[in-house]
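K.L.:
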Amino acid sequence: MSKPQNPFTPTFGAVPPVVVGRRSVLNEIKEAYTAPAGNGYSSVSLIAHRGAGKTVLLNEIQDLATDAGWLVIQEDAGDDTGLLQERLVLGLQDFIDSRTDHSSRRITGGSASILGVGVGISTTVPNAPAAPPNLRRTLEAVFRMGDDAPVGVLLSVDEVHKATEGEIATLGNAVQHLRRNAQPVATALAGLPVLESNQPTFLARCTPIEISMLSDTDIELGLVRTALVAGITFADEALKSAVEASAGYPYMMQLVGWHSCGSAIARDSSVISPEDVSDTLGAAHKRLKSSVLSRVGYALTDAERVFLAAMALDEGPTKTKVLQQRLGQSRQFVNDYRVRLLDSGLICQVERGVYDFVIPGHRAEMRGSEEYQVFQDIEAERASRIKNRPSPGHGLER
64 MSKPQNPFTP
74 TFGAVPPVVV
84 GRRSVLNEIK
94 EAYTAPAGNG
104 YSSVSLIAHR
114 GAGKTVLLNE
124 IQDLATDAGW
134 LVIQEDAGDD
144 TGLLQERLVL
154 GLQDFIDSRT
164 DHSSRRITGG
174 SASILGVGVG
184 ISTTVPNAPA
194 APPNLRRTLE
204 AVFRMGDDAP
214 VGVLLSVDEV
224 HKATEGEIAT
234 LGNAVQHLRR
244 NAQPVATALA
254 GLPVLESNQP
264 TFLARCTPIE
274 ISMLSDTDIE
284 LGLVRTALVA
294 GITFADEALK
304 SAVEASAGYP
314 YMMQLVGWHS
324 CGSAIARDSS
334 VISPEDVSDT
344 LGAAHKRLKS
354 SVLSRVGYAL
364 TDAERVFLAA
374 MALDEGPTKT
384 KVLQQRLGQS
394 RQFVNDYRVR
404 LLDSGLICQV
414 ERGVYDFVIP
424 GHRAEMRGSE
434 EYQVFQDIEA
444 ERASRIKNRP
454 SPGHGLER
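One rule links them: number in my numbering = place in the sequence shown (from 1) + 63.
1. Alpha carbon to alpha carbon, how far is residue 147 from residue 131? Give it in angstroms, no decimals.
2. When the Cα atoms are used, what is the spatial distance from residue 321 to residue 287?
3. Quick one: residues in its chain with C-beta nearer than 6 angstroms to the C-beta of residue 66, no 5 flanking neighbours on either side, listed in chain order?
4. Verify whether the separation of the beta carbon atoms of residue 219 and residue 121 is less than 8 angstroms.
5. Over what stretch of residues does the alpha helix (DSSP H) that includes residue 402 continue unbroken?
6. On a Cα-Cα basis, can you pick out the residue from 82, 107, 83 that is closest to residue 94?
7. On the criterion of 16 or more Cβ atoms from any shown chain inside 10 Å, does residue 68 qualify as buried, or is it exposed?
8. What does a CB cutoff of less than 7 angstroms around residue 297 pick up in its chain, not counting 5 residues either side in sequence?
9. Of the choices 81, 414, 424, whose alpha-carbon is the least far from that of residue 307?
10. Suppose you measure from the CA of residue 352 to the CA of residue 151; what does that come to, to the nearest Å?
11. By the 10 Å Cβ neighbour count, where 16 or more other Cβ atoms means buried, how is residue 128 classified, buried or exposed?
12. Starting from the C-beta of residue 400, find all residues in its chain whose C-beta is less than 7 angstroms away, skip the five residues before and the five after it, and write them out in chain order.
13. Quick one: what's got a C-beta closer than 6 angstroms to residue 407's C-beta in the same chain, skipping five residues either side?
14. For the candidate residues 237, 284, 251, whose alpha-carbon lies nearest to that of residue 269?
15. Considering residue 220, what are the terminal residues of the beta strand (DSSP E) in which it resides?
16. Let me check one thing: in DSSP terms, what residues is residue 271 bridge-paired to?
17. Can you tell me where the alpha helix (DSSP H) holding residue 237 begins and where it ends?
18. Residue 355: buried (16+ other C-beta within 10 angstroms of its C-beta) or exposed?
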């Protein structure tokens with residue numbers, strides 16, 4: 064009898080068999096496709112670090128649009144097969160061609176989807192004069208198709224941080240022009256954080272969707288339901304440990320699930336034991352470090368690294384007042400960098416004035432930095448001064 068396949072998917076961009084959480088925000092976004100006029104969710108941005116679940120959320124948004132009868136054109140800005148505008152136009156033209164007479168056309172390829180049905184036909188007219196692709200005109204052509212026109216068009220772009228400012232400007236100009244003419248066009252853009260000063264104007268105008276950490280309940284549900292896909296269950300203590308190790312981070316949930324489930328499968332067991340979790344946590348953390356934390360470190364500014372190193376002195380959440388004292392900076396400085404790191408998804412607010420790391424293992428990673436060592440030395444020196452400070456009245460004689 065063959066062993067079951069591991070159902071967990073610790074691969075960026077992969078669609079997990081079970082999606083948990085995000086239901087409330089998806090319900091809000093859904094209105095953009097059922098009642099699009101003036102809806103603030105017609106253009107959304109999903110900006111977060113790797114492993115936060117933005118691509119999975121982007122796929123869910125595309126499904127909402129498809130279910131509502133919209134044409135979904137999906138592209139990755141990181142694709143090097145041509146300008147983003149050209150590839151979006153090709154997808155739109157594929158849809159147009161699939162609903163027109165093909166007697167004088169030849170097939171060349173492409174993809175799009177509407178009502179869940181793939182449209183994979185791209186055609187050209189022999190000896191037709193070449194014309195530069197124009198996103199706005201092609202969108203207008205889609206809406207002039209009469210009964211064949213879709214309810215609306217969603218332009219979905221992943222890895223948007225790899226798009227040039229010109230590509231985003233072209234996309235934004237086309238979409239805004241169609242909207243001025245009351246045409247139902249929506250955009251969903253997903254990517255990694257970039258400095259606010261480097262963010263293209265149209266991307267900055269999109270409604271940002273907060274991709275918060277999953278609750279322990281959602282993590283537990285995701286682990287249990289995903290394992291059940293392969294007929295595998297968690298022992299109670301194993302599940303408790305797996306939830307704790309995942310720390311609300313979707314990618315870490317997949318890593319913990321993948322390694323612990325793989326351990327159970329290897330010993331021909333249908334139950335994940337506490338040892339399956341504990342013995343594989345090192346491998347999960349190692350992969351998280353190489354695929355997420357190391358990349359985060361490259362993108363940090365010097366001031367952000369110092370800020371995070373100051374937070375790493377604590378075993379748990381850090382108060383802003385404490386940070387101000389450690390950094391020796393003004394309240395405004397601390398607030399500025401607090402907001403930057405909140406926006407980039409590296410820290411989260413635990414309660415008013417109290418913040419913590421988001422990515423599991425990030426605190427430990429920062430504790431290996433030079434900046435952290437400096438803070439440790441300062442704290443050690445301060446503690447030594449306090450310990451050796453003369454007590455009141457010391458050395459005074461009556």
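Each residue gets a CB set at the ideal place from its N, CA and C atoms; glycine is no exception.
Treat the numbers as computed from the prediction; the structure is a model and nothing was measured.
P.N.:
Result, derived from the coordinates:
1. 25 angstroms
2. So the two alpha carbons sit approximately 12 angstroms from each other.
3. 328
4. yes
5. 394 to 406
6. Of the candidates 82, 107, 83, the one whose C-alpha sits nearest the C-alpha of residue 94 is 107.
7. exposed
8. 286, 287, 290, 305, 335
9. It is 424.
10. C-alpha separation (whole angstroms): 35 angstroms.
11. With 16 or more other Cβ atoms within 10 Å, it is buried.
12. 366, 367, 370
13. Excluding sequence neighbours, residue 407 sits near 256.
14. 251
15. Looking at the DSSP string, the run of the beta strand (DSSP E) that includes residue 220 is 216 to 221.
16. Under the DSSP definition of a beta bridge, residue 271 partners with 108.
17. 228 to 243
18. buried
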